Amino acid sequence: MKTKKFFMVLVALFMGSQMAIFAQGKKEGKMDRKQFGQEQMQKMQCNQLINALALDDAETAKFKPVYTKYMEEMRAVRDMNPRAPRSTLTDAEVEQVIKARFAQSRKMLDIREKYYNEFRKFLSPKQIQKMYNMEKRIGDKMRKEMGKRQGMKKNNNSNSRR
């Protein structure tokens, strides 16, 4: 009888510890997923470009830090103008948004020109053009994926309201 009670307590403790371990694992997984974000995407994009441009070790060593700075500056400029709900803006606010986008586009062009000269020190014009084309394709692919995910969220939200 005592061994049966002891065995039951042991099983209960074991199951309780397993539940605690699994619960902690899920939280850590969520943190990892959030940390995967922009920095990891930037590294993946950089590695894709290195492979596509067929850079050797010396070119890769020059490319990575320059490309990282380039992407950081571009992201900072992209994040300058948050999106506002279109339907609630007045004409004056819409005009401000348009002018802010013009300024943003100028800054992005300035950054691209600045880094073109940096990339040109170790890449050919054809390689730089290929890099720009790949950046556009990657950006389009990401926007398409985000659109799908947002569509799924809208569908899930509308389905859950029924």
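Residue numbering for the sequence shown is -23 to -1, 1 to 139, as defined by mature numbering (1 follows the signal peptide of the UniProt record, and there is no 0). Even for Gly, the Cβ is constructed at its ideal location relative to N, Cα and C. This one's a predicted model, so the numbers in the text were calculated from it and none came from an experiment.
Please report the straight-line C-alpha distance between residue i and residue j, rounded to a whole angstrom.
i           : j        : result
Thr67       : Ala35    : 53 Å
Arg55       : Ile115   : 16 Å
Ala29       : Thr65    : 44 Å
Cys23       : Phe40    : 9 Å
Met8        : Gly14    : Because Met8 sits at a pLDDT of 48, beneath the cut-off of 50, its placement in the model cannot be relied upon, and the following sentence gives the value as read from the coordinates. Those two C-alpha atoms are separated by around 10 Å.
Pro102      : Arg89    : 13 Å
Ala69       : Arg83    : 21 Å
residue 151 : Gln73    : Limits of the chain in this structure are -23 at one end and 139 at the other, which puts residue 151 out of reach.
Lys11       : Thr(-21) : Confidence at Lys11 is low in this model, with a pLDDT of 49, below 50, so the placement of that residue should be treated as unreliable; the coordinate-derived value is given next. Cα to Cα, Lys11 sits roughly 47 Å from Thr(-21).
Val71       : Pro59    : 13 Å
Go ahead and label residue i buried or exposed: buried means 16 or more other beta carbons lie within 10 angstroms of its beta carbon, across all protein chains shown.
i      : result
Phe79  : exposed
Met57  : exposed
Met21  : exposed
Met129 : exposed
Met108 : buried
Met106 : According to the sequence shown, residue 106 is Gln rather than Met. Answer is exposed; the Cβ neighbour count stays below 16.
Gln17  : exposed
Gln104 : buried
So residue i and residue j are in contact, right, with Cβ under 8 Å, and what is the actual spacing, rounded?
i     : j      : result
Leu26 : Met111 : 6 Å
Contact between the segment 29 to 49 and the segment 92 to 100: three or more CB pairs below 8 Å? Three or more Cβ pairs drawn from the segment 29 to 49 and the segment 92 to 100 lie within less than 8 Å of each other, which places the two stretches in contact.
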